[in-house]
Amino acid sequence: MALFEAKNVTKQYGDQLALDNVSISVPEQCIYGLLGPNGAGKTTLIRIINQITGPDSGELFLNGKKLVPSDVQLIGYLPEERGLYKKMKVGEQALYFAQLKGLSKAEAMKRLKYWFKKLDIIDWWGKKVEELSKGMQQKVQFVTTVLHEPKLLIFDEPFTGFDPLNTKIIKNEILFLRERGATIIFSTHNMESVEELCDNITLIDKAKTILEGSVNEIRSKWAANEYDLVFDGDVKIEGNGHYSILKLQKDNNKSIFRLKTTSEINTNEILQTAMKSGNIISFNPALPSMNEIFIRVVETRN
Amino acid sequence: MNKISVIIKREYVTRVRKKSFIIMTILAPILMATIIIVPTLIMTSQSGEFKKIAVVEDNSNLFKGVIKNTKDAEFVYLENTKVEDLKKTFEKSGYYGILYISPELINTPNAVYLISGKQPPIGLLQHIENSLKKEIERQKLLAYKIENLDDIMKNVETNVSVQTKKLDESGVEKRTSTGIAMALAYILGFLMYMLVFIFGAQVMRGVIEEKTSRVVEVIISSVKPVQLMMGKIIGIALVGLTQFLIWIFLTVAIVGVLKTTILHKTNTTEISKSMPQNLMSGNQPQVAVTTQTQEMSPQLAEFSKMFDSAMNQPWGLIIICFIFYFVTGYLLYASVFAAIGSAVDNETETQQFMLPVTIPIILGLMVAMGTMQNPESPLSFWCSMIPLTSPIVMMARIPFGVPYWQIAVSMVLMLITFGAFVWMAAKVYRTGILMYGKKTSWKEMWKWLRYSG
Numbered sequence: 000m001a002l003f004e005a006k007n008v009t010k011q012y013g014d015q016l017a018l019d020n021v022s023i024s025v026p027e028q029c030i031y032g033l034l035g036p037n038g039a040g041k042t043t044l045i046r047i048i049n050q051i052t053g054p055d056s057g058e059l060f061l062n063g064k065k066l067v068p069s070d071v072q073l074i075g076y077l078p079e080e081r082g083l084y085k086k087m088k089v090g091e092q093a094l095y096f097a098q099l100k101g102l103s104k105a106e107a108m109k110r111l112k113y114w115f116k117k118l119d120i121i122d123w124w125g126k127k128v129e130e131l132s133k134g135m136q137q138k139v140q141f142v143t144t145v146l147h148e149p150k151l152l153i154f155d156e157p158f159t160g161f162d163p164l165n166t167k168i169i170k171n172e173i174l175f176l177r178e179r180g181a182t183i184i185f186s187t188h189n190m191e192s193v194e195e196l197c198d199n200i201t202l203i204d205k206a207k208t209i210l211e212g213s214v215n216e217i218r219s220k221w222a223a224n225e226y227d228l229v230f231d232g233d234v235k236i237e238g239n240g241h242y243s244i245l246k247l248q249k250d251n252n253k254s255i256f257r258l259k260t261t262s263e264i265n266t267n268e269i270l271q272t273a274m275k276s277g278n279i280i281s282f283n284p285a286l287p288s289m290n291e292i293f294i295r296v297v298e299t300r301n
Numbered sequence: 000m001n002k003i004s005v006i007i008k009r010e011y012v013t014r015v016r017k018k019s020f021i022i023m024t025i026l027a028p029i030l031m032a033t034i035i036i037v038p039t040l041i042m043t044s045q046s047g048e049f050k051k052i053a054v055v056e057d058n059s060n061l062f063k064g065v066i067k068n069t070k071d072a073e074f075v076y077l078e079n080t081k082v083e084d085l086k087k088t089f090e091k092s093g094y095y096g097i098l099y100i101s102p103e104l105i106n107t108p109n110a111v112y113l114i115s116g117k118q119p120p121i122g123l124l125q126h127i128e129n130s131l132k133k134e135i136e137r138q139k140l141l142a143y144k145i146e147n148l149d150d151i152m153k154n155v156e157t158n159v160s161v162q163t164k165k166l167d168e169s170g171v172e173k174r175t176s177t178g179i180a181m182a183l184a185y186i187l188g189f190l191m192y193m194l195v196f197i198f199g200a201q202v203m204r205g206v207i208e209e210k211t212s213r214v215v216e217v218i219i220s221s222v223k224p225v226q227l228m229m230g231k232i233i234g235i236a237l238v239g240l241t242q243f244l245i246w247i248f249l250t251v252a253i254v255g256v257l258k259t260t261i262l263h264k265t266n267t268t269e270i271s272k273s274m275p276q277n278l279m280s281g282n283q284p285q286v287a288v289t290t291q292t293q294e295m296s297p298q299l300a301e302f303s304k305m306f307d308s309a310m311n312q313p314w315g316l317i318i319i320c321f322i323f324y325f326v327t328g329y330l331l332y333a334s335v336f337a338a339i340g341s342a343v344d345n346e347t348e349t350q351q352f353m354l355p356v357t358i359p360i361i362l363g364l365m366v367a368m369g370t371m372q373n374p375e376s377p378l379s380f381w382c383s384m385i386p387l388t389s390p391i392v393m394m395a396r397i398p399f400g401v402p403y404w405q406i407a408v409s410m411v412l413m414l415i416t417f418g419a420f421v422w423m424a425a426k427v428y429r430t431g432i433l434m435y436g437k438k439t440s441w442k443e444m445w446k447w448l449r450y451s452g
């Protein structure tokens, strides 16, 4: 069952259409990627989900029921640009946001201590936000977002500003939160993290949904009969009537061929011919990266 | 409601803890008290330097010993000395001045002059004039050969100073002073202007800070925009009230302490000196009181009078009205400031919106200044009714006495207007706070005002 659904959401700012009949359906305990070029309308959709602005038309459902203002308690939101009071101390500020989310002071304190220790930021408790680096601020904000243990978490560009190590830490925390029952929607330009984390995605361009579904399905759909064939050692094969060779790569005493089948042919037949040429290490359908798909989809539209 | 209180608490605590707040809170009353006290101190304390004055009379000896020595002036009566000779040796003589009294003085009132190297203080001149005047009057009366003249003189002697009293509704007379009312009008009007402006602008800056740092997105995903706006406005209002109350308390304390230490010391000695005289004329108590004040140095008496009439101001009414007008006036302007803050992306952009808002405030201040001269003028009356200027102008009028019905009408108008302004501001704020990168115009804001839902 879908934890969150948006049906036919349309939003207009002045004479500019920000969202045109966009629908998404986010299953429970799913990590849902919201992709799209800059200015596509992702942030508008996120703001509508957070009830910061209302849609002009369309409906939103949480747990099968219509979204109501009190549902903000069930949602955690990490905005794209870090929103923290610069002059305020880290600990006080985290406590403030937690209280605004309806936690008691004592409970908020307990949870903050837990998270600050977990993310190794407890030493910054008494520091002012302006003394912190961007990445550090982001960690603090991450904690304030997840603290009230919301059912639905929304991260707008959660990885910008993080070094690779901290990116990994946050990725692990996201997976951990999902395991504990949270459902996560996040928008990103980082396609690698989409492949790593997302179960489902929606790609929005110019206010419209242009691609949606599970990541694996999308990638196999876009695979377009391409395979990677890897031999041990220096091997040569030639294309025939059934397949052509798109590219050859030699690396670490291996030969990697990218094949594209040109006719209806069983993959076993390809392997049978190939076996004669050398020692096969692996044979895989070549899945295009989300990056490639993203670029191809958006470019063909333009 | 609970969330609003969390917001109010944050707004309040972060501001009250700031160094600038603590410094301003402590320094302002000290400054205020200094402004009140220092001029009186200068007035009351004689100019320090001890003066020796040579009195020359062309050997007539008519006024010998008439001018008594005072705390800081000694009068030396010189016989057989010519003014011309004294003038020549004046530099070396060590005299502060030469007082020449012509024998003709009894008939020619200005046949006396004081030659001095410096401008003599007014207190010294008054002392000389009073002494000579009394002596001349005495000598003239002597010529009538009345018996027991000295006793009669003592009995007759009076000193008149006009005291203004105001009849309040219960028929109780109160001593007032126009000077005090004017000073108070000025201080109250100006204070109101400052507080509304300073704290209103703080609201605006707070809103802009939240908008530019995008904190607002996080908060709006937890509370309603109106809650955030009202929380901020109320929090800052409490900061203002805290500061105001501390100011009143400290100013009263400082002035009180200074009054008792400076005034009382001098008062008691002067009064005890004049006691025997009062007892002699004991059957006329009213005169006794005036003689008592007369014996005090005139400045000191004036100061004491000022104090009495300052204390006789309707302080309860003033403080209640001040708090009412501060809260409502501030809420009115602060909500407009909040709306402006929400509509812009940074502080420099606020200017086009600031002008129309500051005009009524400054107009209010200017009318308030005029009110000090003429509290009953129609302009003052209308400006104390119109809610945009009434907080400042009404505060300036109250020390002069305002009929209760006028205050009531002004307050009701204020409440209605402030309610309307907060409602409109909330609508603009709700849209503006999430609008980025768009230059906002008045027209745009009008559109936001009419958005529904």
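As given, the protein sequences belong to chains Y and F, one line each in that order.
Position one of the first sequence corresponds to residue 0 (numbering that gives the first Met the number 0), numbered consecutively onward.
Position one of the second sequence corresponds to residue 0 (numbering that gives the first Met the number 0), numbered consecutively onward.
All C-beta atoms in this analysis are idealised placements derived from N, C-alpha and C, irrespective of residue type, glycine included.
When secondary structure is reduced to three states using DSSP, Pro-26/Y falls in the strand class. Under the 10 Å beta carbon count, Leu-34/Y is surrounded by 16 or more other beta carbons and is classified as buried. Under the rule that a run must span 3 or more residues, no beta strand (DSSP E) segment is found entirely inside the stretch 98 to 134 of chain Y. Residues of chain Y whose Cβ lies closer than 8 angstroms to the Cβ of Val-15/F do not exist; the shortest such Cβ separation is about 14 angstroms.
Secondary structure of Asn-283/Y (DSSP, three-state): strand. For Asn-189/Y, no chain F residue has a Cβ inside 7 angstroms of its Cβ, as the nearest lies near 20 angstroms away. Annotation for Val-15/F: no beta strand (DSSP E) segment contains it, though the alpha helix (DSSP H) segment containing it runs 1 to 15. C-alpha of Phe-161/Y to C-alpha of Ile-22/F: approximately 41 angstroms in a straight line. The straight-line gap separating the alpha-carbon atoms of Ala-425/F and Ile-219/F is approximately 14 angstroms. Going by C-alpha positions, Met-203/F is about 10 angstroms away from Phe-196/F.
Close to chain F, meaning a Cβ-Cβ distance shorter than 7 angstroms, is no residue of the stretch 143 to 156 of chain Y at all. Neighbourhood of Gln-98/Y in chain F, by CB distance below 7 angstroms: Val-5, in chain order.
Residue contact check for Glu-130/Y against chain F: no CB pair falls below 8 angstroms. By alpha-carbon distance to Val-229/Y, the top candidate from Glu-191/Y, Ser-281/Y, Lys-249/Y and Glu-237/Y is Ser-281/Y. Looking at the backbone, the Cα of Phe-417/F and that of Thr-327/F are separated by about 6 angstroms. Collapsing the DSSP output to three states places Asn-165/Y in a helix.
Contact of Arg-396/F with chain Y by beta-carbon distance below 7 angstroms is absent, the smallest such distance being about 40 angstroms.
Contact with chain F is absent for Ile-184/Y, since none of that chain's Cβ atoms lies less than 8 angstroms from the residue's Cβ.
Neighbours of Leu-433/F in chain Y, taken as residues whose beta carbon is under 8 angstroms from its own, are Arg-46, Ile-51 and Thr-52 in chain order. Contact between the stretch 208 to 226 of chain Y and the stretch 53 to 66 of chain Y is not established, with fewer than three Cβ pairs separated by less than 8 angstroms.
Under the DSSP assignment, Asp-227/Y falls in the beta strand (DSSP E) whose first and last residues are 225 to 231. Taking 8 angstroms as the upper bound for CB-CB distance, Ser-376/F and Lys-100/Y are not in contact here, some 56 angstroms apart. Closer than 8 angstroms to the CB of Glu-216/F there is at least one CB belonging to chain Y. Those residues of the stretch 216 to 241 of chain F placed with their C-beta closer than 7 angstroms to a C-beta in chain Y are Glu-216, Val-217, Ile-218, Ile-219, Ser-220, Ser-221 and Val-222, ordered along the chain. Contact between Thr-370/F and Val-392/F is confirmed by a C-beta separation of about 6 angstroms, below the 8 angstroms threshold. The closest CA to that of Gln-92/Y, considering only Val-5/F, Thr-88/F and Asn-106/F, is found on Val-5/F.
Taking a C-beta cut-off of 9 angstroms against chain Y, the contacting residues of the stretch 195 to 216 of chain F are Glu-208, Glu-209, Ser-212, Arg-213, Val-214, Val-215 and Glu-216, listed in chain order. In the three-state DSSP reduction, Asp-70/Y falls in the helix class (H, G or I). Between Tyr-84/Y and Ser-19/F, the gap from beta carbon to beta carbon reaches 8 angstroms or more.
In terms of CA proximity to Thr-201/Y, Glu-211/Y leads the group Lys-41/Y, Glu-211/Y and Glu-195/Y.
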